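> Following this message is one structure expressed as structure tokens.
There are 2 protein chains.
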Amino acid sequence: MTGLTDRQRDIIQVAIRIISRKGIQELTIRNLARDLGITEPAIYRHFQSKSDILAAMLEYLHRDTIAIFDQVQDGESALDRLRDYFSRLFERLRENPATAAVVFSDEAFMNDDRLAATVRALVELTIDNTTNLLTLARENGEIRADVDEYDLATMLAGGVRLLVRRWHMSGNGWDLAAQGRSVIETFVKLVEVPR
Amino acid sequence: MTGLTDRQRDIIQVAIRIISRKGIQELTIRNLARDLGITEPAIYRHFQSKSDILAAMLEYLHRDTIAIFDQVQDGESALDRLRDYFSRLFERLRENPATAAVVFSDEAFMNDDRLAATVRALVELTIDNTTNLLTLARENGEIRADVDEYDLATMLAGGVRLLVRRWHMSGNGWDLAAQGRSVIETFVKLVEVPR
DNA sequence: GAGGAGTTAGTTATCGATCACTAACTTTGT
DNA sequence: ACAAAGTTAGTGATCGATAACTAACTCCTC
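Chains as they are written, first to last, in the working numbering: chain A, 136 to 330; chain B, 136 to 330.
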């Protein structure tokens with residue numbers, strides 16, 4: 136369904152792990168081959184170029200993020216769905232902290248137009264999802280209507296991004312989900328219309 | 136006072152410009168020399184290593200950010216000082232858009248412990264400044280007291296960071312100060328205690 | 001079911017390009 | 001005349017990528 140072989144998936148996972156632990160500068164074909172336990176040319180049996188590996192990696196993360204949004208329950212209130220969405224994002228990061236690092240390696244993809252566009256789309260996805268839920272919340276009358284919802288989405292998504300960045304920089308040394316929940320609840324408290 | 140020669144300042148400015156336009160991957164001694172109009176070894180007359188150039192660049196940005204915070208007027212209310220602070224940050228970015236790019240190249244400094252610590256401190260600086268102003272605002276009774284101010288600082292600083300990132304990614308194609316003001320005012324509207 | 005043909009996934013060895021950096025020499029300004 | 005700031009010419013290391021080859025497995029034909 137994803138169009139990837141098992142071996143291609145292996146390579147992507149190892150690539151993500153390298154980026155997570157050592158930064159994207161350390162993601163070389165050499166290091167990738169070493170961690171996979173094969174030689175460098177063998178990698179080219181599975182991907183035509185390093186750029187293709189990165190593209191597949193970004194596409195994988197993109198699909199994964201879409202899947203998370205799709206899992207968010209339908210019946211709840213928009214604010215509950217917002218809580219659910221970020222809770223699931225935090226859960227994924229806890230299970231696979233490596234994914235966080237990739238999203239903060241934007242700059243590394245600037246050279247390659249295709250990769251730059253993909254990583255940009257990946258970042259925008261979370262913002263768009265947030266904006267959509269906030270629009271729904273306003274339509275439902277769950278949040279105050281006297282503030283721009285795009286500004287709200289910017290603050291919420293930006294705040295969570297900053298939190299994840301600091302968590303990643305700290306070596307994942309604290310409970311992201313707990314801190315994240317605190318930020319989300321603070322946000323909800325600010326925008327919620329008392330019922 | 137800064138301990139830098141004129142030539143060292145030239146080099147830092149050109150380095151910042153390269154990072155801004157092409158990303159940190161393109162910041163090589165070769166490209167730096169070419170843009171400066173001299174040969175590569177000449178650079179080593181002014182800095183002992185590439186790492187030293189990056190360290191000096193980060194230190195320069197750090198001093199600059201501190202200077203901006205110090206310029207914020209004293210007499211106003213804490214919320215007005217907050218507005219003033221971010222307004223000055225946006226103004227600096229408008230005058231020198233290159234500085235934005237550097238702060239988003241965190242990952243590039245991960246290899247070098249000294250650089251990593253410096254860039255981390257640079258990012259924390261804005262958050263700390265924001266937190267301090269929010270603490271003051273609460274003490275003055277300007278903002279509601281039922282929300283965690285560290286969460287507030289995370290959302291505000293994170294939101295602004297995200298905004299700046301998108302502005303940079305768009306090739307500085309729109310008015311950052313105007314969009315930034317909108318985010319700040321939305322934030323103020325959320326936290327302000329009606330008087 | 002035996003045996004060639006083709007495929008898959010690896011190997012060793014090597015390529016040209018580029019990286020940060022250096023030694024030795026020359027030019028320039030005071 | 002001397003020091004600062006430039007030059008030419010080169011270093012070893014590492015980058016992504018390729019050529020040539022091989023072991024192991026599958027598939028097709030008779």
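Built from N, CA and C at the ideal position, the CB exists for glycine as well. Bear in mind that the values here come from a model prediction, so they are computed numbers and not experimental data.
(1) For T253 (chain A), collect the residues of the same chain with a Cβ closer than 6 Å to its Cβ; drop the 5 residues on either side in sequence, then sort them by chain order.
(2) Restricting to Cα atoms, I'd like to know which of B:I173, B:V326 and B:R156 is closest to S305 (chain B).
(3) Can a CB atom of chain B be found closer than 8 Å to the CB of I188 (chain A)?
(4) Out of B:R296, B:I278 and B:T321, point me to the one whose CA is closest to E327 (chain B)'s CA.
(5) Between B:M245, B:S240, B:F221 and B:A191, which has its C-alpha nearest D145 (chain B)'s C-alpha?
(6) Output, in chain order, the set of chain B residues within a Cβ distance shorter than 7 Å of F322 (chain A).
(7) Determine whether the Cβ of R255 (chain A) lies closer than 8 Å to any Cβ atom of chain B.
(8) Taking C-beta to C-beta, are I203 (chain A) and L224 (chain A) nearer than 8 Å?
(9) Need the endpoints of the alpha helix (DSSP H) that E230 (chain A) sits in, please.
(10) I278 (chain A) versus chain B: which residues are under 8 Å apart at the beta carbon?
(11) Using a Cβ cut-off of 8 Å (strictly closer), state whether F239 (chain B) contacts chain A.
(12) Determine the contact status of L269 (chain B) and A288 (chain B), defining contact as a CB-CB distance below 8 Å.
(13) What whole-angstrom Cβ distance do F244 (chain A) and A251 (chain A) have, given they're in contact under 8 Å?
(14) Does E277 (chain A) come out as helix, strand or coil in the three-state DSSP assignment?
(15) Go through its chain and collect everything with a Cβ distance to R227 (chain A)'s Cβ below 8 Å, but skip five positions before and after it.
(16) Interface residues of chain A around N307 (chain B) at Cβ under 8 Å?
(17) Residues of chain B with a CB under 8 Å from the CB of R160 (chain A): which are they?
(18) CB A292 (chain B) to CB L311 (chain A), shorter than 8 Å?
(19) Who does E327 (chain B) pair with in a DSSP beta bridge?
(20) Could you give the distance in angstroms between the alpha-carbon of S317 (chain B) and the alpha-carbon of F221 (chain B)?
(21) Measure how close the beta-carbons of I239 (chain A) and E242 (chain B) come, nearest whole angstrom, since I'm counting them as under 8 Å.
(22) Quick check on T265 (chain A): buried or exposed, where buried means 16 or more other Cβ atoms within 10 Å of its Cβ?
(23) Determine whether the beta carbon atoms of D85 (chain B) and S186 (chain B) lie at a separation below 8 Å.
(24) Quick one: is S184 (chain B) near chain A, going by C-beta distance under 8 Å?
This is what the structure holds:
(1) So the qualifying residues of the chain are L193.
(2) Closest by alpha carbon: B:R156.
(3) no
(4) B:I278
(5) B:A191
(6) M290
(7) yes
(8) yes
(9) Run containing E230 (chain A): A213 to E230, per the alpha helix (DSSP H) assignment.
(10) In chain order: nothing, as chain B lies at least about 10 Å away.
(11) Closer than 8 Å: yes.
(12) yes
(13) 5 Å
(14) coil
(15) D199, I203 and T234
(16) Within 8 Å Cβ-Cβ: nothing; N307 (chain B) doesn't reach chain A, min ~15 Å.
(17) The displayed chain sequence assigns Gln, not Arg, to residue 160 (chain A). Residues of chain B passing the Cβ test: E242, A243, M245 and N246.
(18) Between A292 (chain B) and L311 (chain A), the C-beta gap is not smaller than 8 Å, which leaves the two residues out of contact.
(19) B:I278
(20) Here the alpha carbons of F221 (chain B) and S317 (chain B) stand approximately 11 Å from one another.
(21) Looking at the sequence itself, residue 239 (chain A) is Phe, so the reference to Ile does not match. Sure, about 6 Å apart at Cβ, within 8 Å.
(22) buried
(23) Past the boundaries of the shown model lies residue 85 (chain B); chain B is included only from 136 to 330, so the question cannot be answered.
(24) No, S184 (chain B) lies away from the interface with chain A (no Cβ there is under 8 Å from its Cβ).
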